[in-house]
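Protein sequence lines correspond, in order, to chains X and A.
Residue numbers for the first sequence follow this note's numbering, beginning at 844 and rising by one.
Residue numbers for the second sequence follow this note's numbering, beginning at 425 and rising by one.
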Amino acid sequence: MSAVLDTGHFAQRLVRRTPVLAIASGKGGVGKTWFSVTLAHALARAGRRILLFDGDLGLANVDIQLGLAPRLDLAAVVGGRSGMEEAITPYPAGGFDILAGRSGSAGLVALPPEAVDRLARELARTAQAYDTVVLDLGAGVERTAWRLAGASTACLVLCTDEPTSLTDAYAFIKLSLRANPTRDLRVVVNQAASRGDGERTYRIIAKACDSFLKITPPLAGIVRRDRRVHESVRAQSPVLTRHPRTPAAEDVTAIAAEIARELGRDGS
Amino acid sequence: MRLRTFSALRLAEAMAAVRAELGPDAVIISTEADERTGEARVIAAVEEAETEDAFLDHILFPPRDRPGRAHLSDTVANALDRTGAPARLAGRLIALARASEAADPALALAAALDERFAFAPLGVASDRPIALIGPPGAGKTVTIAKLAARAALAGRSVGLITTDTARAGGVEQLGAFAQAIGIGAAAAEEGPALTAALDLVRARDLRLIDTTGMNPLAEDELRRLAEILHAAGAEPVLALPAGLDPLDACEIARVAAVLGARRLIATRLDTVRRHGALLAAADGADLAVAELGFAPEILDGLAPAAPMGLARMVLQSHSASEFHPQARAADGSP
């Protein structure tokens, strides 16, 4: 996976600010929120101070997945009723902090671009108290998610082997690169039937990017399909707490270890 | 990108299907043989026509970033954003403006404002006395003079009372205005004197009460103001000066609402470009917008509030601020 590290851009930006890892998918229903929560948890277990920022402004549900009832959320920050720091909820069971989004708030999706940019700047400032920020982006190619992604250091694009997921992930990569050709984009294949199947899925998206965009986004990792994921989500308890040795948990832990190693090496 | 999987008994057949369905530009993403059946499976992709790209472009890159392609909702969005109104309120108004389907930005914004806010001008007559309350320097006295002048010009009788006896020159200022309009004014500190003063003018069409500037954080002063309003049986109307921080304006408006205010008069609108505080206050305290004070002139410096006027004001201050370079350019674009 050494190709993943081959990005001077990444290292250069690390020096100046806390890395923000955006998690995007293009399409909903590929396990993006679960992956964001589990990645944040795994990074926290690796000893890093983590803020999980629920940027899924239209349909946020990080807090629901974790069974939290935050007093303040992103809507309060955007509405000027709260500062960003005050709206952060600790999540002791996972050892990381959360800034909850807000489910179904049309007002957040319809934010004017300048307001989203303000939010991104405030996030960059708040991030200084953390080692890494995990940014769970909205599903789909939607303007707010887009501008928030622009504020990130690197972006993990999550997909499954479904054609619609592949197509949407490709569209996200294509437009990201159009806006910024040096963007650090990496692919995560989720819900793979096996490692081999996951690699096949990655090769499809890699080949499509190579053919049409003349660029190959590296593979950040493969997460195997695992019924215990579903079980943990239903129990509103993180998979790393309930089943730390289950395949999906091990896969995300491996991705987190790679990221933590890379961030550590870059001296942040 | 369109992605398709083709299965056939032989690879050549699958390839032919790819060309037939996706055309000569299709790219073969993978070929494999099914382990069980031996069928050939080809995954192929073709880039969509530029229409899809144009659509995505439109979603992802706001027209403001692309000169020459101005768009209605972005005109409204940019104008609202520059008012400094809370993002959530701005977002709501933008959504309403879009939903209005009006072709003109001013009409679309007016429709949105009409939907979100109540507009209730004071008129030239009222059964209850009207007391203007508000922070010091809000322009209460001059607004009372404007309201009085308007009613007098409409042939109505007006009674003026001030309870602002503490401030140096408070009584004199109102007296001077009253004299200019050709009516009398009375000063009454509180309680019995106020009741007596109101009694003297009880037959007038419009009775206006000036009050001392209120400090929204000083409970004692607020209690005294509440007593005055109660003794007078007056409808408190908030005079809200432009240029406040939106959150401060909101707090003042909420205090006014607790004191019984249901309407506000926006004053000094000509002195600032950003009117977010007005929008935030009216929205946050659920106050109807009654009047817009946009010029210092007594005779025509006040206009009954209406959605279209407010919309024009928001859009105009936006265009008037163009010479301020909007330097916070696209640092958020990826």
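Beta carbons are placed, not taken as given, at the ideal position from N, Cα and C, and that holds for glycine.
This structure is a prediction, so every number in the text was calculated from the model and none was measured.
So the beta strand (DSSP E) A464 (chain A) belongs to, where does it begin and stop? Going by DSSP, A464 (chain A) is part of the beta strand (DSSP E) stretching over 464–470.
Are the beta-carbon atoms of L726 (chain A) and L537 (chain A) separated by less than 8 Å? L537 (chain A) is positioned such that its CB atom lies no closer than 8 Å to that of L726 (chain A).
Could you spell out where the alpha helix (DSSP H) holding S454 (chain A) opens and where it closes? DSSP places S454 (chain A) in no alpha helix (DSSP H) but in the uninterrupted beta strand (DSSP E) bounded by 451–457.
Among X:A1100, X:P1060, X:L895, X:A918, which one has its Cα closest to the Cα of A1014 (chain X)? Taking only the C-alpha atoms, the option nearest A1014 (chain X) is X:P1060.
I need the DSSP call for L711 (chain A), collapsed to helix, strand or coil. Coil.
Kindly list, in the order they appear in chain A, the residues whose Cβ is closer than 7 Å to that of E957 (chain X). Under the 7 Å cutoff, chain A gives D505.
V793 (chain A): contacting residues in chain X (beta-carbon distance under 8 Å): With chain A covering only 425 through 758, there is no way to say anything about residue 793 (chain A).
For chain X, is any of its Cβ atoms less than 8 Å away from the one on L435 (chain A)? Not one chain X Cβ lies under 8 Å of L435 (chain A).
Thinking just about the alpha-carbon of each residue, which of A:P728, A:A729, A:A469, A:I722 is nearest to the one in I605 (chain A)? Ranked by Cα distance from I605 (chain A), the options A:P728, A:A729, A:A469, A:I722 are led by A:I722.
Partners in chain X for S454 (chain A), counting only beta-carbon separations shorter than 9 Å: R1043, R1046, I1047, K1050, listed in chain order.
What's the C-alpha gap between T455 (chain A) and A1103 (chain X)? Going from the Cα of T455 (chain A) to the Cα of A1103 (chain X) covers about 36 Å.
Contact set between the stretch 664–683 of chain A and chain X, restricted to residues whose Cβ is under 8 Å from the partner: Residues passing the 8 Å Cβ filter: P670, L671.
If we count the other Cβ atoms within 10 Å of its Cβ and call it buried at 16 or more, is G993 (chain X) buried or exposed? Counting C-beta atoms within 10 angstroms of its own C-beta, G993 (chain X) has 16 or more neighbours from the protein chains shown and is therefore classed as buried.
Could you give the DSSP three-state label for D1040 (chain X): helix, strand or coil? Of the three classes helix, strand and coil, the one that applies to D1040 (chain X) here is helix, per DSSP.
For the ligand PLP, is there any heavy atom lying closer than 7 Å to the beta carbon of L966 (chain X)? Judged by which ligands are present, the structure shown has none, so any question about the ligand PLP falls away.
Can you pull the chain X residues whose beta carbon is under 7 Å from the beta carbon of A690 (chain A), in chain order? Ordered by position in chain X, no residue passes the 7 Å Cβ test against A690 (chain A), which lies about 19 Å from the chain.
Any beta-carbon of chain A closer than 8 Å to the one on A1014 (chain X)? Yes, its Cβ sits closer than 8 Å to a Cβ of chain A.
Would you say A930 (chain X) lies against chain A (beta-carbon separation less than 8 Å)? No, A930 (chain X) lies away from the interface with chain A (no Cβ there is under 8 Å from its Cβ).
C-beta contact flag for L895 (chain X) and A912 (chain X) at 8 Å: Contact flag unset, no.
Step through the CB atoms of chain X and report whether any lies within less than 8 Å of the CB of G561 (chain A). It does not; no Cβ of chain X falls within 8 Å.
Count the other CB atoms, across all protein chains shown, that sit within 10 Å of the CB of L598 (chain A); report buried if there are 16 or more and exposed otherwise. Within a 10 Å sphere around the beta-carbon of L598 (chain A) sit 16 or more other beta-carbons, which makes this residue buried.
Does the Cβ of T691 (chain A) have 16 or more other Cβ atoms within 10 Å, making it buried, or fewer, making it exposed? The residue is buried, with at least 16 neighbouring Cβ atoms inside 10 Å.
Taking just the CA atoms, how far does I1048 (chain X) sit from A441 (chain A)? One Cα belongs to A441 (chain A), the other to I1048 (chain X), and the distance between them is close to 21 Å.
Using C-beta distances below 8 Å, list every residue in its chain close to E675 (chain A), excluding the 5 sequence neighbours before and after it, in chain order. Cβ within range, chain order: P640.
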